[in-house]
Structure formats: structure tokens, C-alpha cells
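Enquirer: Protein chains in written order, with the working numbering: chain A, 1 to 262; chain U, 1 to 310.
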Ligand SMILES: Nc1ncnc2c1ncn2[C@@H]1O[C@H](COP(=O)(O)OP(=O)(O)O)[C@@H](O)[C@H]1O
Ligand SMILES: [Mg+2]
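#1: Compare the Cα-Cα distances from residue 226 (chain U) to each of U:299, U:194 and U:217 and report the closest residue.
#2: Say the cut is 6 Å; is the CB of residue 321 (chain U) nearer than that to a heavy atom of ligand 2?
#3: Comparing C-alpha positions only, which one of A:185, A:112, A:199 and A:196 sits nearest to residue 80 (chain A)?
#4: With a cut-off of 7 Å, does the C-beta of residue 75 (chain A) fall near any C-beta of chain U?
#5: Can you grab the Cα-Cα spacing for the pair residue 97 (chain U) / residue 160 (chain A), in whole Å?
#6: Listed from N- to C-terminal order along the chain, which residues in the segment 104-117 of chain U have their beta-carbon within a distance smaller than 8 Å of any beta-carbon of chain A?
#7: If we ignore side chains and look at the alpha-carbon of each, how far apart do residue 257 (chain U) and residue 221 (chain U) end up?
#8: Could you tell me if the beta carbon of residue 217 (chain U) falls within a distance shorter than 6 Å of some heavy atom in ligand 2?
#9: What residues of chain U sit near residue 95 (chain A), judged by a beta carbon separation below 7 Å?
#10: Any residues in the segment 9-22 of chain A with a beta carbon nearer than 8 Å to a beta carbon of chain U? Which ones, in chain order?
#11: Report, in whole angstroms, the separation of the C-beta atoms of residue 117 (chain A) and residue 166 (chain A), which I expect to be a contact under 8 Å.
#12: If you pair each beta-carbon of the segment 106-126 of chain A with each one of the segment 188-205 of chain A, do three or more pairs fall below 8 Å?
#13: Could you pull the start and end residues of the alpha helix (DSSP H) that residue 31 (chain U) belongs to?
#14: Mark residue 19 (chain U) as exposed unless 16 or more other C-beta atoms lie within 10 angstroms of its C-beta, in which case mark it buried.
#15: Quick check on residue 104 (chain A) - is its C-beta less than 7 Å from some C-beta in chain U?
#16: Sorted by chain position, which residues of the same chain lie with C-beta nearer than 8 Å to residue 172 (chain A)'s C-beta, five sequence neighbours on each side aside?
#17: Which complete beta strand (DSSP E) runs does the segment 219-307 of chain U hold, if anything under 3 residues is left out?
#18: Spell out whether any CB of chain A is found under 7 Å from the CB atom of residue 80 (chain U).
#19: With 16 as the cutoff for other CB atoms within 10 Å, does residue 1 (chain A) come out buried or exposed?
#20: Counting only beta-carbon separations shorter than 7 Å, does residue 84 (chain U) have a partner in chain A?
#21: Go ahead and pull the three-state DSSP assignment for residue 312 (chain U).
#22: Sorry if obvious, but does the Cβ on residue 26 (chain U) come closer than 6 Å to a heavy atom of ligand 1?
#23: Measuring from the CB of residue 258 (chain A), is there a heavy atom of ligand 1 at a distance below 6 Å?
#24: Could you have a look at residue 11 (chain A) and say whether DSSP puts it in helix, strand or coil?
#25: Go ahead and pull the three-state DSSP assignment for residue 102 (chain U).
#26: What does a CB cutoff of less than 8 Å around residue 153 (chain A) pick up in its chain, not counting 5 residues either side in sequence?
#27: Quick one: what does DSSP say residue 133 (chain U) is sitting in, helix, strand or coil?
#28: According to DSSP, is residue 156 (chain U) helix, strand or coil?
#29: Tell whether a beta-carbon distance below 7 Å holds between residue 162 (chain A) and residue 82 (chain A).
#30: Counting C-beta neighbours from all protein chains within 10 Å, is the total for residue 144 (chain A) 16 or more, i.e. buried, or is it exposed?
#31: Specify the secondary structure class of residue 81 (chain U) as computed by DSSP and reduced to three states.
#32: Would you give the residue range spanned by the beta strand (DSSP E) that residue 206 (chain A) belongs to?
#33: Among residues of its own chain, excluding the 5 on either side of residue 254 (chain A), which ones have a beta-carbon nearer than 8 Å to its beta-carbon?
#34: Any beta carbon from chain D within less than 7 Å of residue 108 (chain A)'s own beta carbon?
#35: Does the beta carbon of residue 28 (chain U) sit closer than 7 Å to a beta carbon anywhere in chain A?
#36: Cα separation between residue 15 (chain A) and residue 193 (chain U)?
Written as C-alpha cells, this is what we have:
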């Protein structure tokens, strides 16, 4: 019976929205500084790398380097923001802040907490992606015609990574543990999945591997939308991200139950 | 403990409730019956299994064996529904540090769903109940330990609960706050709620509880009304003297119902004729002793021993 409680299928309910709302209310208090950081960081990247290096690189994959970089960074930004929220903030609420302990004294269930946190982390991802879009449009690097379509995509990408992050957090004995996740997963994806240069520039032996990684699919969806085009074969990328997202959500629910309900 | 008769509605009923951590039975075959509208105290040394018992009653800790019904529902399958009717004050404060006093109550109420009416009038009532009106806009970090505890109590009441679980509600608080919390617990009982509290303070249990359950190593050692337990286990007055055991045995010669216990430098004499021993001490010019009625603490020591627990 005890194992049944821990291992049974995730039960998503609308109560998750209450968790999302709690986080939104906290975020609102720090909104100004949070938005400044969200805007400031991409501005630095795009100016430093995009303008500076772009001058030596010229065009890449048929577009100015600044455009190539900005459109790729929309995707990494959703990934990074959602992941950091799912690692560090969730860990704080799970351990020393005892937020979940308090929430679990109410009708809320662990499943609600996990789903609510994934939705919130995805929202943070979208907020930081939106900041890059703003900067990118202001610098004339991005084409605004299809850009709004990429907003729901960034949320979807964020949710996909948030599931993985929460899975890691449910295991983590301390903050140090997150270095593995970042060094082994996040950083390689950021460097290899077509954000800074096209995947086909890599040795052909590793290209198929890269093709499986979720950030590759995120970039494949977002870059066209940010440059005024429609993605080719969108369904394939949506499905690939969906598989990772569902797997991440599922393992996050089961592992977080195991951690909190004991 | 005496089982609650069938016609009295019970708030909590457990049968063979057991929790293992590894090979250790932390809660071992616990049978509890708590009648509605009563205050029951779980007493026991550190590690006795009090918090573990409470957590199982909330449905948040998988039960190893046995079953627990709270407010008529099985907690392993209906935990969420049960918690909608529970007020829980945890042993360690877990207020939300990101919010103010007022926001803490409001956000917590939101976890109970839209069906819960939590308006400004209810907010004012709760803040008044725990004397925190003046602190509405304060961050939790800016509150003293006593204020945090009171806020935890107010928070546990947002859903107007039928059963309130208080895990060491006054540990580490100063006497003023402790007395204030006791008064509030009595108010809550008068409102017809059921209260289960754990405590180390025997005085607290004696003052508040209709019934106490003394636990040790996961088992119930004894249970009953405080006064009844004292009568049953001690049935005597207690004389505490800072003299060696042999001296006291000598002094109490031919008083036949004395039981002695010597701890550290103090000798405890349990006897219905303890006043006669006291007279003899006075006659010898010894005045540094304490003659008192037996209390629950004596029962506690008799039933759980005096070994230190960690
Ligand atoms: N999550 C846990 N894992 C392993 N052992 C635990 C856990 N929680 C409590 N224990 C052990 O169970 C025993 C009872 O703990 P607890 O119920 O907190 O006691 P009390 O509240 O009476 O002081 C202690 O020995 C404690 O170390
Ligand atoms: Mg405890």
C-alpha cells in the first residue's frame, strides 16, 4: 500500500494553479530587479557576442550572426530560467524554507506541488525568453511577424526542462549536486545544440546524438519563428519535447513523493 | 486506554497503527480513540514517536501497518479530504518567509480551494485571536519566536477545523506566551473542537488535557485522565530532600508506605505520610526540602524511566 501511494500514476489537478499563483505573488515582490536582470543579461550577450563577434563572423546559416544568436538564445534562455527555478528555488522550498511541508498540511498533494512548480518554472522561462525577444527586436535582429507564436513554445520548452530539473532536485542532497546537472546536461546542450553555430558544423559522428537532445528541438522550433518563418516538420520537434516533458514530469512526481512522504 | 463508547462520535481512531523506519518500529501497534470535543495529550520522551504518529494522522506519511481513521475517513485513501477539516501546528515553524503575516494567512487559505470563504472579517478575527493585529504587514523574519508560534496557530485555523493537531505548541516559549496559548486552546475546546497535542511539559498536559497518553519507544505505556493516572501510579505525596538515601531511610523508619528514589543528590520519598517525614526533618533543624502532591511528571518518570533520551 505504501509503495502504491508513492509509485501510482501522477494525478494532475487544477489545484496546481494555486502553487503557481503563490510563486507569482512572491515574484511580484521582486519583479523590478528580476526584470532588470532578465533584460540586462541578454543585452550583454547580444551586444558582446552578437555585435562584437558577429562583425568577424558575418552571416551564419543565411542570416546575420546577431540574428542567429538572438533566435537561439530565446531557446536557451527558456531552458536555463526554467531549470534554475526547478533546481535552486524548488530545493529551497523543499528543504530549509519548509514551504512544501506547510502546503502538505492542507488538501494539497505532492502531485499538485510538482505540477504547479513545473508550470511556474515554465512561466519564468517564458519571461526571460520574452526579454530576449524585446532586446532582439529593439536591436533589429529579430523579425516580429511570427514572434508571438514562439511565446507558447518557450513555455512548452521550459516545462519540458522543468520536469527534468525537478527530478534532479528530488534526488539532491544539497545545492552542490546541481553542478552535475548543469555541467553534464545544461552546458553541453547550450554549446552543442545549434545556439552559437549550426549543428551540421559538428563532426558527423556526433550529429545524430545531438539530434536527440531537447534543446536541438527547441531551437528548431523557435529560430524560424523568431526570424519570420514557419518551422519545418514542427510536429516531430513538438513530440520529441513532449516525450522528455512527460517523462520528466512523471519521474519528478514519483521521486518527489518518495522524498516528501516519509 | 478506555475505548470510546460506540455512540460517542470519534475524531480519531487507530488500530494497530505502526510505522517502521528500516528495522526500527518508531510507532508500534498504536490503538487510539479520541472522542470529539476532547483534548488529548500525547506525552513521551524525545523519539517516542509522537510526531510520527501525528504525521500519519494527516495522511502525509505512509503507514507501515494498521489503519487510521480521522473524522470518520481512512487517512491512507482520503488524506486530502481529511486535511480539509484539520488544523495542523507543526513542531518546527514552517511559515512562508516570502510573505507578511497577513499574506501568510491569505495564501494558506488559498490552498484550501475556492470553497473556503476567507474574507477580511475572518482575517481580523484570527489576528485578534492570537493578538497579532499590530503585525499585519510585518515579514515573518521580523517576528519573535512567540509571535511566529501564534501565527502558526492562526494559520491552522483558517479553515475552521474540527480537529486541531498541535505538535509541541509551547516548546521554547516564555511563560507569558505559554499561558496565552493555553487560554486559546481552552477557547478552541469551548468552541467544540477536538484537540490532540504533544508536549514535554507535564504541567501543560495536566492543565489542558481530559486525557493523556504516555508513549515510549512507539508504544502506549499508559493512558487516562491526569488525576486518575496520578492516583493510580503514585497515590502519595512527594518529599524531595537533598540528603543521602541512607539518611532518609533512617529518618523514615517505621513509616511503612514509603518508596524511595535517589537521583543525583536528591532523594525522593513517595508516601501518604510524607508530612510525618517532613516533621522529623523540621525537628532536626533541616528546612531545605520540598513537600508536594504527586503530579503527572512523577507518573511520567515511573512509567518511562529516568534515562536520558536524545
Ligand atoms: N524520516 C525519518 N527517517 C528515519 N527515522 C526517523 C524519521 N523520522 C523520525 N525518525 C525516528 O523516529 C523516532 C521517533 O521520532 P518522532 O516521531 O519525531 O519522535 P517525537 O516526536 O516523539 O520526539 C526517532 O527515533 C526518529 O529518529
Ligand atoms: Mg516530535
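No residue lacks a Cβ here, since even glycine has one placed at the ideal position from N, Cα and C. Note that the coordinates shown come from a computational prediction; the quantities given were computed from them, not determined experimentally.
Expert: On the basis of the supplied data:
#1: As a first step, residue 226 (chain U) is located in the second chain; it is residue number 226 there, counting from the start. Nearest of U:299, U:194 and U:217 to residue 226 (chain U), Cα basis: U:299.
#2: One cannot answer for residue 321 (chain U) here, as it falls past the ends of chain U, which runs 1 to 310.
#3: Here residue 80 (chain A) corresponds to residue number 80 of the first chain, with the count starting at 1. Selected option, being the one with the closest Cα: A:185.
#4: Your numbering for residue 75 (chain A) matches position 75 in the first chain. Answer no: the Cβ-Cβ gap between residue 75 (chain A) and chain U never drops below 7 Å.
#5: On the second chain, residue 97 (chain U) is found 97 positions in, with the first residue counted as 1. On the first chain, residue 160 (chain A) is found 160 positions in, with the first residue counted as 1. Looking at the two C-alpha atoms, the distance is approximately 29 Å.
#6: 107, 108, 110, 111, 112 and 113
#7: Within the second chain, residue 257 (chain U) is the residue found at index 257, counting from 1. Within the second chain, residue 221 (chain U) is the residue found at index 221, counting from 1. Answer to the nearest angstrom: the Cα atoms are 25 Å apart.
#8: Start at 1 with the first residue of the second chain, and residue 217 (chain U) comes out as number 217. False, no ligand heavy atom lies under 6 Å from that Cβ.
#9: For this step, residue 95 (chain A) is matched to residue 95 along the first chain. Ordered by position in chain U, no residue passes the 7 Å Cβ test against residue 95 (chain A), which lies about 11 Å from the chain.
#10: 15, 18, 21 and 22
#11: Translated into the one-based positions of the first chain, residue 117 (chain A) becomes position 117. Translated into the one-based positions of the first chain, residue 166 (chain A) becomes position 166. Yes, they are in contact, since the Cβ atoms of residue 117 (chain A) and residue 166 (chain A) sit about 6 Å apart, within 8 Å.
#12: no
#13: Here residue 31 (chain U) is taken as the residue at index 31 of the second chain, counted from 1. Note, residue 31 (chain U): premise wrong, no alpha helix (DSSP H); beta strand (DSSP E) at 24-35.
#14: For the purposes of this step, residue 19 (chain U) is taken as the residue at position 19 of the second chain. Its Cβ being crowded by 16 or more others within 10 Å, residue 19 (chain U) is buried.
#15: Position 104 of the first chain holds residue 104 (chain A). True, the Cβ-Cβ gap to chain U drops below 7 Å.
#16: Stepping through the first chain from its first residue, residue 172 (chain A) is reached at position 172. So the list reads 87, 91 and 178, once near-sequence residues are dropped.
#17: 219-224, 237-241, 259-263, 266-271 and 289-293
#18: In the second chain, residue 80 (chain U) corresponds to position 80, counting from 1. Yes, its Cβ sits closer than 7 Å to a Cβ of chain A.
#19: For this step, residue 1 (chain A) is matched to residue 1 along the first chain. Any reading at residue 1 (chain A) is ruled out, since the residue's pLDDT is 40, under 50, leaving its predicted position unreliable.
#20: By one-based count along the second chain, residue 84 (chain U) stands at place 84. Cβ-Cβ to chain A under 7 Å: yes for residue 84 (chain U).
#21: Nothing can be reported for residue 312 (chain U), as the shown portion of chain U is limited to 1 through 310.
#22: Counting from 1 along the second chain, the entry for residue 26 (chain U) is found at position 26. Yes, Cβ of residue 26 (chain U) sits closer than 6 Å to a heavy atom of ligand 1.
#23: As a first step, residue 258 (chain A) is located in the first chain; it is residue number 258 there, counting from the start. Because no heavy atom of ligand 1 lies under 6 Å away, the Cβ of residue 258 (chain A) does not count as near it: no.
#24: For the purposes of this step, residue 11 (chain A) is taken as the residue at position 11 of the first chain. Of the three classes helix, strand and coil, the one that applies to residue 11 (chain A) here is coil, per DSSP.
#25: Your numbering for residue 102 (chain U) matches position 102 in the second chain. It is helical.
#26: Within the first chain, numbered from 1, the residue matching residue 153 (chain A) stands at position 153. Correct list, in chain order: 218, 221, 222 and 225.
#27: The count along the second chain starts at 1 and reaches residue 133 (chain U) at position 133. Of the three classes helix, strand and coil, the one that applies to residue 133 (chain U) here is helix, per DSSP.
#28: For the purposes of this step, residue 156 (chain U) is identified with residue 156 of the second chain, where counting begins at 1. Reduced to three states, the DSSP call for residue 156 (chain U) is helix.
#29: Stepping through the first chain from its first residue, residue 162 (chain A) is reached at position 162. Stepping through the first chain from its first residue, residue 82 (chain A) is reached at position 82. The answer is yes: Cβ separation under 7 Å.
#30: One-based indexing of the first chain puts residue 144 (chain A) at position 144. That one is exposed.
#31: Working through the second chain from its first residue, we reach residue 81 (chain U) at position 81. If DSSP states are grouped into helix, strand and coil, residue 81 (chain U) belongs with the helices.
#32: Mapped onto the first chain, residue 206 (chain A) falls at position 206. Taken as a continuous stretch (DSSP letters only), residue 206 (chain A) belongs to no beta strand (DSSP E), as it is neither H nor E.
#33: In the first chain, counting from the first residue as 1, residue 254 (chain A) sits at position 254. Same-chain partners within the cutoff: 6, 7 and 10.
#34: Absent here is chain D; the protein component of the structure consists of chains A and U.
#35: If you number the second chain from 1, residue 28 (chain U) lands on position 28. So, not an interface residue.
#36: Stepping through the first chain from its first residue, residue 15 (chain A) is reached at position 15. Stepping through the second chain from its first residue, residue 193 (chain U) is reached at position 193. Cα-Cα distance, rounded: 27 Å.
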